[in-house]
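Its first residue numbered 282, the sequence shown is counted upward by one per residue in my numbering. Following: one structure in structure tokens, then a few remarks.
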Amino acid sequence: MSDGDGVRPRSGPPANIVKCSQVGLWLREIFEHFGLRSFPKTSGSKGLQVYVPLNTPTNYEATKAFAHALAQLLEQDHPEMVVSDMKKTLRTGKVLVDWSQNDEHKTTVAVYSLRAREHPTVSTPVTWEDVERTFKKKDASLLVFEAPQVISRFEKIGDLFAPVLTLKQRLPDLKGVAGGAAKEPQRIEIAEADEHHPDPRKAARKKKSGAKKPARKKSGKI
Numbered sequence: 282m283s284d285g286d287g288v289r290p291r292s293g294p295p296a297n298i299v300k301c302s303q304v305g306l307w308l309r310e311i312f313e314h315f316g317l318r319s320f321p322k323t324s325g326s327k328g329l330q331v332y333v334p335l336n337t338p339t340n341y342e343a344t345k346a347f348a349h350a351l352a353q354l355l356e357q358d359h360p361e362m363v364v365s366d367m368k369k370t371l372r373t374g375k376v377l378v379d380w381s382q383n384d385e386h387k388t389t390v391a392v393y394s395l396r397a398r399e400h401p402t403v404s405t406p407v408t409w410e411d412v413e414r415t416f417k418k419k420d421a422s423l424l425v426f427e428a429p430q431v432i433s434r435f436e437k438i439g440d441l442f443a444p445v446l447t448l449k450q451r452l453p454d455l456k457g458v459a460g461g462a463a464k465e466p467q468r469i470e471i472a473e474a475d476e477h478h479p480d481p482r483k484a485a486r487k488k489k490s491g492a493k494k495p496a497r498k499k500s501g502k503i
């Protein structure tokens, strides 16, 4: 059983973690749309990983379908930047939202792991403010950390990834498959609700502000 859902925006050459930051921010807006907290960390390479802790009963079938839906939604809304297909020929200059990592047979770099490089970088938990700053300044170096920096950050702000171990959340109900087609589990509620709103941020705002008031019931005799 899996205890969390995660997606990995990974850049294809010549894209970099700045583009990943933009996609990560879009993902955050979608998660907030569902009332889910998410936690970003760097891969220690050129990718950004976004974790949604669940710590409630679930399975890889559910988390993988949900992550796939998000990847396809972002690819549909931002085809110039996002791709959900692993084929390297499609990834040039784009960000792959790697939904396939939600699988018991897959591995991913653990938080605080050193990467085997001449200057070993670290897979580092970061704040969404760090991600926003990187995207705003278009400076990929702001999300590159070596061991001394990570230790200093930990001593100053603590373990940003600690809530991932304990925070309990649940995925949205996957019964809301668009059209009820069992062969298309990736078309869950958000894909149906937001298909006319390319920007997930706008979709989330519209949902909050555009809720219809319940119709007044007509009085009748019993």
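The beta-carbon is built from N, C-alpha and C at its ideal position, and this holds for glycine as well. Note that the structure is a prediction, hence the values are computed from the model and not measured.
Would you verify that the beta carbon of K300 is, or is not, closer than 9 Å to some beta carbon of chain C? Of the protein chains in the structure, only one exists, and it is not chain C.
Nearest by alpha-carbon distance to V331: which of K345, K322, T339 is it? Translated into the one-based positions of the sequence shown, residue 331 becomes position 50. Among K345, K322, T339, the Cα nearest to that of V331 belongs to K322.
Under the DSSP definition of a beta bridge, which residues are partnered with E427? By one-based count along the sequence shown, residue 427 stands at place 146. Paired residues: T402.
Host beta strand (DSSP E) of D379 (start-end): Residue 379 sits at position 98 when you count from the first residue of the sequence shown. According to the DSSP assignment, D379 belongs to the beta strand (DSSP E) that extends over 376 to 379.
Judging by CA-CA distance, which residue of F312, Q353, D384 is the nearest neighbour of K345? Translated into positions along the sequence shown, residue 345 becomes position 64. Among F312, Q353, D384, the Cα nearest to that of K345 belongs to D384.
T373 in three-state terms, based on DSSP: As a position in the sequence shown, residue 373 is number 92, starting the count at 1. Three-state DSSP puts T373 in coil, outside helix and strand.
If I follow the unbroken alpha helix (DSSP H) through Y341, where does it start and stop? The residue labelled residue 341 in the question sits at position 60 within the sequence shown. Element bounds for Y341: 341 to 358.
Check whether the region 423 to 442 and the region 391 to 408 touch, using three or more Cβ-Cβ pairs below 8 Å as the test. Yes: at least three Cβ pairs fall under 8 Å.
Sort out for me which residues DSSP pairs V390 with in a bridge. What you label residue 390 is simply residue 109 of the sequence shown in a count that begins at 1. Partner(s): none; V390 has no beta bridge.
Would the beta-carbon of T405 fall within 9 Å of that of V445? Counting from one through the sequence shown, the residue named residue 405 turns up at place 124. Counting from one through the sequence shown, the residue named residue 445 turns up at place 164. No. Outside cutoff.
Per DSSP, the bridge partner or partners of V407: By 1-based counting over the sequence shown, the position of residue 407 is 126. Beta-bridge pairing links V407 to no other residue.
If you draw a straight line from the alpha carbon of L355 to that of L441, how long is it in whole angstroms? Counted from its first residue, the sequence shown places residue 355 at position 74. Counted from its first residue, the sequence shown places residue 441 at position 160. Our two residues, L355 and L441, have alpha carbons roughly 26 Å apart in a direct line.
Straight-line Cα distance separating F312 from Y341: The count along the sequence shown starts at 1 and reaches residue 341 at position 60. The count along the sequence shown starts at 1 and reaches residue 312 at position 31. Whole-angstrom Cα-Cα distance: 18 Å.
Between the Cα of K300 and the Cα atoms of G374, I438, G439, which residue gives the shortest distance? As a working mapping, residue 300 is identified with position 19 in the sequence shown. Here the closest residue by C-alpha is G374.
Would a C-beta distance cut-off of 9 Å place S319 and E413 closer than the cut-off? The residue you call residue 319 lines up with position 38 of the sequence shown. The residue you call residue 413 lines up with position 132 of the sequence shown. For S319 and E413, no; Cβs fall outside 9 Å.
Rounded to whole angstroms, what's the CA-CA distance from W380 to H386? Just pull it up for me. In the sequence shown, counting from the first residue as 1, residue 380 sits at position 99. In the sequence shown, counting from the first residue as 1, residue 386 sits at position 105. The alpha-carbon of W380 is positioned some 13 Å away from that of H386.
Flag this pair as yes or no: are the beta carbons of T415 and I298 separated by less than 9 Å? For the purposes of this step, residue 415 is identified with residue 134 of the sequence shown, where counting begins at 1. For the purposes of this step, residue 298 is identified with residue 17 of the sequence shown, where counting begins at 1. Yes.
So what's L446 in DSSP terms, helix, strand or just coil? The residue labelled residue 446 in the question sits at position 165 within the sequence shown. Note: L446 maps to helix in three-state DSSP.
Return helix, strand or coil for L223, following the three-state DSSP convention. The shown model of the chain, from 282 to 503, leaves out residue 223, and the question about it has no answer.
Residue environment, A397, which counts as buried when at least 16 other CB atoms sit within 10 Å: Position 116 of the sequence shown, counted from the start, is the residue given in the question as residue 397. Per the 10 Å Cβ criterion, exposed.
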